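Structure, as structure tokens:
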Amino acid sequence: MMKITGFHTLTSYQDWERPIGDANGVIESGITEVPIVVLETDEGVSGYATGSVHDIDRIFPALEGQDPRGVVGLYDRMLGRLFKSGHGGATFGGLGTLDTALWDLKAKIAQEPLWRLLGAHDRYVAGYASGLDIALNDDELAAFYRSLAERGFSSGKLKGGRDVATDLRRLRIIADELRANSASPALMLDANETWNVKQAVRYLHTVEESIELTWIEEPLSRWDAAGHARLSSAIRAGVATGENLTGLEQYRPLLDAGAVDVVQAGAVWGVTHFLRVSAAAHSRDLPMSPVGLSANPAVTHAAAAIPNHLAAEVQHLGTPIGISLDQEFADGGIVLGDEPGSGIRVDEAAIIALTTNGGTWQTPTGPHIRSGRAGLSLVADSPRSR
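Under this note's numbering, the first residue of the sequence shown carries the number 3, and numbering increases by one thereafter.
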């Protein structure tokens, strides 16, 4: 029986080749850290995953000496180890990265690509373009969505929520580029939790006077089940949320309140979490959409295997330094390859040799820091123009 014997971590960097951010902040350098976990076994087979390394020293004893093939049981074993202190927040990221490395190992041991191991019939995963684009000027915005249109994409998501006139103009720019593939491109708007209910209703009524949104993403605080339900009943667009929920139990109030129309899960939280959330959504006839798949190919494989997948977020066509993925972007989505495992290949020597200093999602100016826009009105400060 193969046994898990240890792990080590690496840090690579992703150059997004553009400033990235949202209403909460911007990373001007466009360079972010990419933590990597390498899960080791006594037979020399390693499992790779990117995501978070937070608290993994505390979580790993749940895996040490265990057979890596029992992934679901090991996931619950990791949760159990965190029972008293709790598994939320960044700790859930560390758990999710270990879980993703386990799935990579399991598929490698079975000598199958993960999508096939999970039971998918088709290697194609439908996607949508997402520029993390609030800091881009109009020409840069058009260029990004044009590059995705060239890969067949016909739907796109704008980061906005600060100024309605600006968002309307930029949504039209995205639509113009995506019309190369569809007469009626699907358009989404992501406010990243910057509104309250009344602000959201006023803002979106104005948008919907001239543009048909497919969904509004994270319009309110992630835990506001009652508010999301009120908003969903007041607008035509679907309400999408869930990427920042860390644990299946956090979805229950939203699902029970009928507060979400498109259920999302962050790729950084791992494969088992994604599969469990997908099953909960499917039980309520709701579609599922994974968020943040860059360098997280295992969740893309999982998306291929669920019955209620809608579209996956595609933010970048490149990969972090020292990482390559067995997949391609074509026909408006992701086409997965046949390599055993999740298709992630890591050049450890190249990563160790890195001397680049980059930004991080945790910097004070980064988009994962709450902006504190409690008083945001219908027309507020406009995004920076470069």
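The C-beta atom is built at its ideal place from N, Cα and C for all residues, glycine as well.
Just so it is clear, the structure is predicted and the values come from calculations on it, not from any experiment.
With hydrogens ignored, establish whether the beta-carbon of residue i is closer than 7 Å to any heavy atom of the ligand NAP.
i    : result
S223 : Although the ligand NAP was asked about, the structure shown includes no ligands whatsoever.
For the alpha helix (DSSP H) containing residue i, name the first residue and the last one.
i    : result
W105 : 92-112
E315 : No alpha helix (DSSP H) contains E315, which is instead part of the beta strand (DSSP E) from 314-316.
D17  : Where D17 is concerned, there is no enclosing alpha helix (DSSP H), although the beta strand (DSSP E) it sits in stretches over 6-17.
I61  : 58-61
T302 : 299-306
A283 : 273-284
V264 : It is not in any alpha helix (DSSP H) - V264 instead sits in the beta strand (DSSP E) that spans 264-268.
G82  : 73-83
I need the boundaries of the beta strand (DSSP E) containing residue i, first residue and last residue.
i    : result
A242 : 240-243
M290 : 290-293
G233 : With the sequence shown as reference, residue 233 is identified as Leu, and Gly is not the correct amino acid for it. No beta strand (DSSP E) contains L233, which is instead part of the alpha helix (DSSP H) from 227-236.
Y253 : Neither: Y253 is in no beta strand (DSSP E) and is coded neither H nor E.
Should residue i go down as buried or exposed, given a rule of 16 or more other Cβ atoms within 10 Å for buried?
i    : result
G294 : buried
N113 : For clarity, residue 113 is Gln in the given sequence; the question names Asn instead. The residue is exposed, with fewer than 16 neighbouring Cβ atoms inside 10 Å.
S14  : buried
A185 : exposed
M3   : exposed
F9   : buried
R171 : exposed
D78  : exposed
D135 : buried
T102 : buried
R20  : buried
Is the separation between the beta-carbon of residue i and that of residue j shorter than 8 Å?
i    : j    : result
P322 : A351 : no
A109 : L119 : yes
L256 : A283 : no
L222 : N198 : yes
V348 : I38  : yes
T243 : R224 : yes
F94  : G129 : no
Y147 : G163 : no
A300 : V273 : yes
S291 : W105 : no
E220 : N194 : yes
To the nearest whole angstrom, what separates the beta carbons of residue i and residue j, a pair I think is in contact under 8 Å?
i    : j    : result
A137 : G23  : 5 Å
V270 : G75  : The pair is not a contact, with the Cβ atoms about 22 Å apart (cut-off 8 Å).
G335 : V127 : 5 Å
P115 : D340 : 5 Å
Does residue i have its Cβ less than 8 Å from a Cβ in chain C?
i    : result
E195 : This model lacks chain C altogether, as it is built from one protein chain only.
Fully enclosed by the segment 134-206, which alpha helix (DSSP H) runs are 4 residues long or longer?
If we require 4 residues or more, the alpha helix (DSSP H) runs fully inside the segment 134-206 come out as 140-151, 166-180.
Hey, which unbroken runs of the alpha helix (DSSP H) at 4 residues or more fall wholly within the segment 314-358?
350-354, all fully within the segment 314-358.
At what residue ranges does the segment 15-49 contain a whole run of the beta strand (DSSP E), taking only runs of 3 or more?
Counting only runs of 3 or more, we get 22-24, 27-29, 33-43.
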